[in-house]
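Chains as they are written, first to last, in this note's numbering: chain Z, 128 to 351; chain R, 128 to 351; chain Y, 128 to 351; chain B, 128 to 351; chain C, 128 to 351; chain S, 128 to 351; chain E, 128 to 351; chain P, 128 to 351. Where a beta carbon is used, it is the ideal one built from N, C-alpha and C, also for glycine. Down below is the structure, laid out as structure tokens.
Number of protein chains: 8
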Amino acid sequence: MAADTVDLGFAQVDVARQARQGLPEVIYGPGKSADQLADIAAALLAANTGPVLATRVGPEIAEHLPAAHYDPAARLLTWRRAAARQATVCVVSAGTSDAPVAAEAAAVASAIGLAVTTVTDVGVAGIHRLLAHTDALHAADVVIVIAGMEGALASVVGGLVAGPVIAVPTSTGYGAALEGVTALLAMLSSCAAGITVVNIDSGFGAATAAYRLAHTMRRRDDHR
Amino acid sequence: MAADTVDLGFAQVDVARQARQGLPEVIYGPGKSADQLADIAAALLAANTGPVLATRVGPEIAEHLPAAHYDPAARLLTWRRAAARQATVCVVSAGTSDAPVAAEAAAVASAIGLAVTTVTDVGVAGIHRLLAHTDALHAADVVIVIAGMEGALASVVGGLVAGPVIAVPTSTGYGAALEGVTALLAMLSSCAAGITVVNIDSGFGAATAAYRLAHTMRRRDDHR
Amino acid sequence: MAADTVDLGFAQVDVARQARQGLPEVIYGPGKSADQLADIAAALLAANTGPVLATRVGPEIAEHLPAAHYDPAARLLTWRRAAARQATVCVVSAGTSDAPVAAEAAAVASAIGLAVTTVTDVGVAGIHRLLAHTDALHAADVVIVIAGMEGALASVVGGLVAGPVIAVPTSTGYGAALEGVTALLAMLSSCAAGITVVNIDSGFGAATAAYRLAHTMRRRDDHR
Amino acid sequence: MAADTVDLGFAQVDVARQARQGLPEVIYGPGKSADQLADIAAALLAANTGPVLATRVGPEIAEHLPAAHYDPAARLLTWRRAAARQATVCVVSAGTSDAPVAAEAAAVASAIGLAVTTVTDVGVAGIHRLLAHTDALHAADVVIVIAGMEGALASVVGGLVAGPVIAVPTSTGYGAALEGVTALLAMLSSCAAGITVVNIDSGFGAATAAYRLAHTMRRRDDHR
Amino acid sequence: MAADTVDLGFAQVDVARQARQGLPEVIYGPGKSADQLADIAAALLAANTGPVLATRVGPEIAEHLPAAHYDPAARLLTWRRAAARQATVCVVSAGTSDAPVAAEAAAVASAIGLAVTTVTDVGVAGIHRLLAHTDALHAADVVIVIAGMEGALASVVGGLVAGPVIAVPTSTGYGAALEGVTALLAMLSSCAAGITVVNIDSGFGAATAAYRLAHTMRRRDDHR
Amino acid sequence: MAADTVDLGFAQVDVARQARQGLPEVIYGPGKSADQLADIAAALLAANTGPVLATRVGPEIAEHLPAAHYDPAARLLTWRRAAARQATVCVVSAGTSDAPVAAEAAAVASAIGLAVTTVTDVGVAGIHRLLAHTDALHAADVVIVIAGMEGALASVVGGLVAGPVIAVPTSTGYGAALEGVTALLAMLSSCAAGITVVNIDSGFGAATAAYRLAHTMRRRDDHR
Amino acid sequence: MAADTVDLGFAQVDVARQARQGLPEVIYGPGKSADQLADIAAALLAANTGPVLATRVGPEIAEHLPAAHYDPAARLLTWRRAAARQATVCVVSAGTSDAPVAAEAAAVASAIGLAVTTVTDVGVAGIHRLLAHTDALHAADVVIVIAGMEGALASVVGGLVAGPVIAVPTSTGYGAALEGVTALLAMLSSCAAGITVVNIDSGFGAATAAYRLAHTMRRRDDHR
Amino acid sequence: MAADTVDLGFAQVDVARQARQGLPEVIYGPGKSADQLADIAAALLAANTGPVLATRVGPEIAEHLPAAHYDPAARLLTWRRAAARQATVCVVSAGTSDAPVAAEAAAVASAIGLAVTTVTDVGVAGIHRLLAHTDALHAADVVIVIAGMEGALASVVGGLVAGPVIAVPTSTGYGAALEGVTALLAMLSSCAAGITVVNIDSGFGAATAAYRLAHTMRRRDDHR
């Protein structure tokens with residue numbers, strides 16, 4: 128057991144996750160001090176060879192952690208990036224208000240080794256904007272669709288591409304948008320078959336779901 | 128008061144509605160016996176010149192009312208149709224499961240004098256099906272969009288046409304579709320500006336909303 | 128495609144919307160900096176001839192955009208107004224707390240070319256206040272009804288006028304008012320036939336829905 | 128204790144309620160057999176002098192209880208009526224679909240000694256129907272307002288009369304009416320001050336609330 | 128009409144409410160400036176003889192209105208009190224956290240002419256505290272019960288007294304208390320017959336409901 | 128592993144639960160055929176010495192399983208009862224409609240070895256009925272409180288006894304009772320400290336929670 | 128357009144979906160007659176070479192369609208199966224009540240060409256049952272986790288395997304399980320990173336999501 | 128009565144609770160000033176011999192109360208601790224974000240006399256972390272499980288131990304976690320039998336529930 132967990136008192140760091148799942152634990156930033164983040168990162172850096180990240184970190188915390196690279200749009204701290212993998216993800220977002228979630232998805236995916244392309248501001252109210260990017264959608268191994276309000280973009284993309292589509296509802300909108308719940312329910316009820324969904328505003332969740340697919344692809348490659 | 132209301136004991140029939148609003152009251156069928164429907168219809172036929180209808184009537188009731196025409200798909204009884212108006216409505220529906228609501232919208236709209244065209248089974252998972260009907264959408268004075276599940280069709284249509292779009296969420300779907308609540312919330316949160324929404328499964332509501340638009344159009348025509 | 132979209136990096140401006148729908152895209156203010164608003168407005172002004180607006184803009188942003196007219200009650204920025212159209216909208220509001228939403232509806236409607244009249248503070252608890260304004264309601268091509276709490280005003284107005292009624296629930300009230308959800312559900316369940324509803328607090332949505340009707344009316348005029 | 132409760136095994140009948148509250152317990156019918164109803168009624172009849180009733184009883188149960196009077200519209204069994212009191216209640220209902228709840232309110236109120244008047248089918252979509260009955264509303268000591276869908280009738284009546292208004296939301300309607308929850312929330316959020324609300328479809332609750340008011344009135348009369 | 132409404136531009140003051148309902152309109156404070164409150168109060172003072180109040184006013188507004196008496200616990204401004212009536216209300220509250228709502232109920236009731244007694248901090252977890260006050264409960268014409276969390280106090284009081292019980296759910300509590308919704312639902316589902324309920328935290332609503340009863344009682348007195 | 132699980136194809140019976148937790152798995156009846164129930168019971172009887180039960184079994188299934196004792200009120204099948212333990216549970220229920228849940232709690236508790244007493248029909252609207260049973264409540268090691276509607280009984284009992292109180296909300300009631308959700312939320316928000324709650328209508332859950340306490344008590348006894 | 132859609136009057140069959148997405152449209156059974164199913168299937172069989180299926184078909188419909196193979200556990204009709212692909216999916220289910228959803232997932236996955244393994248009845252209350260199957264989980268390219276009630280199995284599996292995990296909440300359970308909504312929310316909130324979720328009870332959705340992954344894998348294989 | 132309640136004007140302190148339930152009332156801090164806390168504590172200290180605590184007290188209040196010990200992590204003030212009891216509770220928490228709730232549970236339990244052990248940061252995504260602590264779980268008389276997000280830890284622990292498990296959902300997480308409602312519903316729907324649940328974030332509720340169990344254990348010990 129000793130090898131699996133590092134006891135920091137305030138946290139039991141699961142340093143065996145890379146061995147089990149290919150990717151070290153990603154640190155969830157909210158509620159942790161700069162010192163706590165640094166201690167957990169140090170444990171992960173020492174015990175693994177993979178990428179070490181913390182999500183949802185504000186600039187007032189990040190400025191105390193110069194050893195890590197900070198991406199303010201994605202609110203992501205990166206102590207060590209992964210080696211690049213042969214898997215591509217296209218991050219498609221519906222509106223300018225969805226940009227922070229798209230930034231998190233793209234930054235996390237990139238830091239854990241995926242190749243990332245982006246298509247932005249292609250909401251369905253002007254469907255021609257999306258159709259102009261059909262090639263980019265088809266070229267990717269996985270498409271992450273990020274949309275708030277009614278979340279209709281996921282269904283349209285799901286009908287255009289044959290590969291995996293991971294939908295991320297966002298809390299963009301007001302009133303009946305119910306802080307993302309409407310987009311979440313809509314994406315789960317999509318008429319396009321085989322779309323999967325992650326939690327509201329979870330660019331991180333979509334990126335790690337993409338990683339799981341890349342894991343299977345690489346394993347196949349290795350077995351060939 | 129005598130002229131405004133006919134007292135049938137179980138109901139106070141508002142026979143002045145045509146004078147106030149151009150259209151007699153439409154009878155809401157659920158919970159009413161064939162005799163009650165016949166009595167209310169008789170009062171409306173006698174006191175007005177406009178169309179007399181009853182919605183949501185099952186065949187087991189309708190068979191006792193041979194004086195009225197019955198449309199089983201729309202579950203609509205019609206004692207008297209309106210004269211035709213110079214206003215057209217296009218009823219667009221997303222899937223075959225939405226057919227009953229589309230039938231009600233089309234049948235009510237037609238019975239109250241609007242010219243109706245239909246576009247069926249054009250859900251957004253195969254967006255090309257909808258785009259093939261762009262001309263029909265543009266030709267109408269009003270477009271009624273009927274969709275369940277995630278209701279995304281309303282947003283896409285709202286982005287294609289310039290005229291009024293009335294969205295009707297349906298209770299099609301299961302689980303996260305929440306019996307139409309998800310489509311309702313999604314349509315209200317649409318990223319396409321100026322879409323309006325009526326109650327779940329209310330083809331009747333959409334048809335009468337279209338009638339209101341036609342009323343204004345006709346008044347304007349009359350004033351020219 | 129190049130003609131349809133202007134790529135500003137952070138946004139893909141849909142400059143073809145006026146051609147498709149008669150009205151350029153209206154900018155959604157929240158989350159955008161003064162510079163971003165200015166850049167999008169510049170793209171729209173250059174590519175179109177129609178009105179250019181941004182909604183839900185606070186005074187701390189507006190003061191950096193002297194080129195636009197700012198209406199603080201409506202929180203609306205206007206770079207260019209539309210030419211006046213021959214269509215009138217009456218904005219009716221239930222209480223003094225609904226004033227900001229009514230102001231947005233009226234200001235947007237006016238800026239996009241509609242003639243606007245207003246009836247304020249006519250909640251149904253003193254029904255005589257509303258009945259005193261019956262003529263103003265009948266005179267309009269479209270009536271926008273703005274109410275929070277129980278939203279009953281929409282049903283009463285819907286029973287008085289024959290033309291289109293667009294209901295806007297507001298987040299006025301507390302407790303069981305559920306930040307506008309109660310008024311929204313009540314308006315959707317209205318016993319007055321043919322009322323349509325837009326999102327909570329969306330004066331903008333109601334104004335653009337009115338514009339859609341005006342579009343159809345003008346097209347009819349043009350075809351005569 | 129022996130005097131307060133009669134132990135029937137399956138039930139502990141609170142026979143002291145009349146002494147405490149002026150009115151014996153009213154039996155809640157659902158789930159009870161005809162024999163159980165008869166046993167509880169017998170205990171109440173023996174230990175009290177007041178009215179003995181059972182609510183929400185179907186005809187298939189009632190036919191086995193010939194000793195009680197059965198009102199099928201109200202689904203009410205009455206073994207013994209109360210002496211008449213000098214208090215009047217006006218039961219106002221919005222539509223024909225609300226009739227069963229109105230029947231329960233009126234029948235229970237009458238059986239427990241209140242004088243009842245009724246105004247039916249006066250929904251706010253035809254406000255003149257209600258205004259024609261203003262005198263009946265003013266004449267009553269208490270007004271019970273019964274409405275489903277958006278429940279707007281409660282607010283309008285609350286603005287017309289000065290005395291107590293007890294609102295009963297009903298499960299009439301579909302979709303966004305949410306089986307009475309919308310009317311319930313709307314009545315609780317009413318802009319008319321001092322309206323009180325009971326549970327959905329609870330004609331019984333409104334009648335017993337009216338009884339409580341009559342109790343205070345009589346006590347006051349007695350003290351003069 | 129002129130006599131019924133005073134047009135202040137930002138508000139249409141319903142000055143005829145006293146004539147219709149015995150009590151002038153009570154001003155709802157939130158969102159109004161001190162000047163607006165003063166103007167509405169002036170209109171009401173001039174056109175009526177009854178009490179003039181504003182609820183939910185913070186001290187930062189009240190300090191600019193020295194002409195009115197301010198009760199900081201109740202957040203109530205009073206320009207003119209009503210003459211005392213022969214009706215008593217007992218305000219019972221469950222816990223110390225419910226004190227602000229109880230203060231509003233008591234202060235409004237007193238200002239509109241009712242005699243008020245109070246019983247505080249008698250939650251059902253120590254039922255003996257409530258039972259010690261049985262006499263005070265019985266002595267009142269109306270009992271207002273104020274409770275948050277699970278709101279059980281309303282049911283217990285409803286089982287002890289014979290007169291009217293008006294329940295006010297409060298937003299006291301956390302988690303499953305859902306900001307007062309749980310207490311609201313619980314009070315509406317009470318097993319004690321004839322309890323009525325007003326909106327969450329609405330001490331004002333309970334006081335004006337009590338006033339409605341006092342109105343009927345006085346009318347009866349006048350008719351004797 | 129072979130010893131832990133018996134593979135029946137349609138089910139993997141966890142026969143090691145008695146060794147881990149002192150009590151064999153209790154079979155959940157819904158959706159299982161008589162044959163499936165018999166097969167699972169046989170596996171549990173063979174591999175353990177403890178009680179073997181199936182809950183929520185209808186009479187139409189039970190009649191095919193003569194080897195088990197069937198309690199129709201509790202809908203419980205018992206193949207083998209547990210030896211009696213020195214732990215007592217008092218099952219208190221609020222109304223006659225809660226009887227089926229109380230029966231399940233009592234029958235399961237008894238079958239797994241607890242001594243059971245019952246107090247029935249003691250809803251808080253007649254608080255004296257409950258207070259008459261204070262001794263029975265104090266005598267028990269654990270009190271299970273079963274109530275629907277507003278669920279207030281749990282708070283009152285929680286304030287009377289010092290030992291563990293397990294609250295079971297029931298789906299009794301209508302409208303705002305929301306099929307048990309209101310009682311559930313109310314019990315979780317109870318002002319009486321230290322009450323715990325199980326799922327709606329889960330007499331089984333309460334009985335097994337009581338068993339867990341008895342387990343600890345016996346272990347303590349064994350260690351003395 | 129002619130090539131893309133076959134117009135059957137009641138349906139517009141999207142026969143181009145195989146060309147766009149590799150898989151013909153799967154027919155949604157509910158609400159369709161046997162004749163309608165047969166007509167749609169005929170259109171799909173004629174225009175494509177891929178598998179042709181209809182989901183959620185009851186035996187009373189299936190018996191009229193002898194040309195298709197019917198799987199009653201999965202409620203699936205298969206007119207033509209796909210050729211086998213080199214991709215494996217492991218369908219893991221928590222309890223015996225989840226069997227119908229697991230059967231649909233497995234049958235659809237198999238019919239569209241995936242190799243399927245199953246692990247059944249491994250709920251987390253007996254965690255050893257799941258841990259015994261770790262090898263089967265690791266061997267699959269994709270794991271589908273099917274669980275109702277609290278849905279905890281998804282989080283545990285998500286922590287064990289490195290590849291894609293698709294979670295399917297089921298409507299198993301009662302009360303607080305809220306017909307699958309609780310499991311849905313829990314899976315979306317999982318502490319295991321990168322789990323994706325489909326609609327309640329949608330074994331079909333999970334199988335087609337797995338197909339999308341297989342599509343990317345095959346494309347990658349083809350490109351090597 | 129005098130002996131049971133101390134009247135402080137703003138509060139009626141129930142000083143008889145220790146006599147009734149073994150433990151004096153614990154003061155709920157929110158909304159109370161330092162002076163109010165001091166006065167209530169003084170009344171409790173004078174009238175009882177047991178522990179005197181106040182929960183949810185911020186440091187800005189606590190600094191004015193030097194007579195009490197303050198635990199900032201638990202936000203707990205302690206004027207007097209209880210004598211130690213022979214009962215042990217193990218507080219198990221899922222993640223570092225759950226630490227404040229775990230601290231409250233542990234601190235309150237300790238202050239009221241229970242022996243406390245802790246197991247921290249053992250979320251189910253790394254199930255080996257929990258399994259390493261099986262001995263600590265088994266050693267306790269009661270286990271308190273604290274988890275947010277999907278709350279799966281409660282089910283896994285419930286399947287491992289035989290004694291009482293009290294689950295505390297926390298508001299940790301975002302989006303679909305719904306501020307703790309998801310964990311609450313999941314714990315109530317747990318597939319592990321006999322788990323009980325307290326309110327969201329209520330470490331206090333769990334500690335006092337454990338105390339109730341200890342009360343029964345001690346009473347039993349005393350009777351031997």
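Next on the checklist: Measuring straight from C-alpha to C-alpha, what distance separates Z:Thr-277 and Z:Ala-313?
Outcome noted: The displayed chain sequence assigns Glu, not Thr, to residue 277 of chain Z. Spanning the two alpha carbons is a distance of roughly 7 angstroms.
Checklist entry - So R:Ile-140 packs on R:Ala-170, CB below 8 angstroms; how close in whole Å? => result According to the sequence shown, residue 140 of chain R is Val rather than Ile. Rounded, the Cβ-Cβ distance is 5 angstroms, consistent with contact.
Checklist entry - Cα-Cα, which of S:Pro-157, S:Ala-200, S:Thr-182, S:Ala-337 is closest to S:Val-356? => result As shown, chain S starts at 128 and ends at 351. That puts residue 356 of chain S outside it, with no answer to give.
Checklist entry - Counting along the chain, where does the alpha helix (DSSP H) carrying P:Thr-223 start and finish? => result Note, P:Thr-223: premise wrong, no alpha helix (DSSP H); not H, not E.
Next on the checklist: Taking CB distances under 7 angstroms as the criterion, tell me whether S:Cys-217 reaches chain C.
Outcome noted: no
Next on the checklist: Considering just the uninterrupted stretch of the beta strand (DSSP E) at C:Val-308, what are its terminal residues?
Outcome noted: From DSSP, C:Val-308 is part of no beta strand (DSSP E) but of the alpha helix (DSSP H) over 308-315.
Next on the checklist: Counting only C-beta atoms, is Z:Met-128 closer than 7 angstroms to chain E at any point?
Outcome noted: In this prediction, Z:Met-128 has a pLDDT of 39, which is less than 50 and means its spatial position is unreliable; what the coordinates show is noted afterwards. No - not a single Cβ of chain E is within 7 angstroms of the one on Z:Met-128.
Checklist entry - Closer than 7 angstroms, Cβ to any Cβ of chain Z: which residues of the region 287-320 of chain P, in chain order? => result Tyr-301, Gly-302, Ala-303
Item to check | Best match in B:Asp-225, B:Ala-173, B:Arg-212 for proximity to B:Gly-300 [C-alpha to C-alpha] | outcome: B:Asp-225
Next on the checklist: Please report whether the beta-carbon of R:Ala-334 lies at a distance below 7 angstroms from any beta-carbon of chain E.
Outcome noted: no
Checklist entry - Do B:Leu-257 and B:Pro-291 have their C-beta atoms within less than 7 angstroms of each other? => result no
Checklist entry - Which full runs of the alpha helix (DSSP H) of 4+ residues lie inside the region 263-332 of chain Z, going along the chain? => result 280-287, 308-315
Next on the checklist: So with CB distances below 8 angstroms, who are the chain C contacts of Y:Ala-221?
Outcome noted: Within chain C, no residue comes near Y:Ala-221; the closest Cβ sits about 11 angstroms away, beyond 8 angstroms.
Checklist entry - Smallest Cα separation from S:Leu-241: which of S:Val-218, S:His-350, S:His-255, S:Gly-302? => result S:Val-218
Checklist entry - Could you check where the alpha helix (DSSP H) with Y:Asp-166 kicks off and where it finishes? => result DSSP places Y:Asp-166 inside the alpha helix (DSSP H), whose first and last residues are 161-174.
Checklist entry - Should the region 279-295 of chain B be called in touch with the region 313-329 of chain B, which here means at least 3 C-beta pairs below 8 angstroms? => result yes
Next on the checklist: Contact between the region 228-238 of chain C and the region 248-266 of chain C is defined here as three or more beta-carbon pairs at a separation below 8 angstroms; is this criterion met?
Outcome noted: Cβ pair count under 8 angstroms is below three, so no.
Checklist entry - Can you name, in chain order, every residue of its own chain whose Cβ lies under 7 angstroms from the Cβ of B:Thr-223, other than the five neighbours on each side? => result Asp-248
Item to check | Contact belief for Y:Ser-329 with Z:Gly-302 at Cβ below 8 angstroms, rounded distance in angstroms | outcome: 7 angstroms between Cβ atoms; contact.
Item to check | Of the listed residues B:Val-246, B:Val-142, B:Gly-156, nearest to B:Thr-261 (C-alpha basis) | outcome: The candidate whose alpha carbon is nearest that of B:Thr-261 is B:Val-246.
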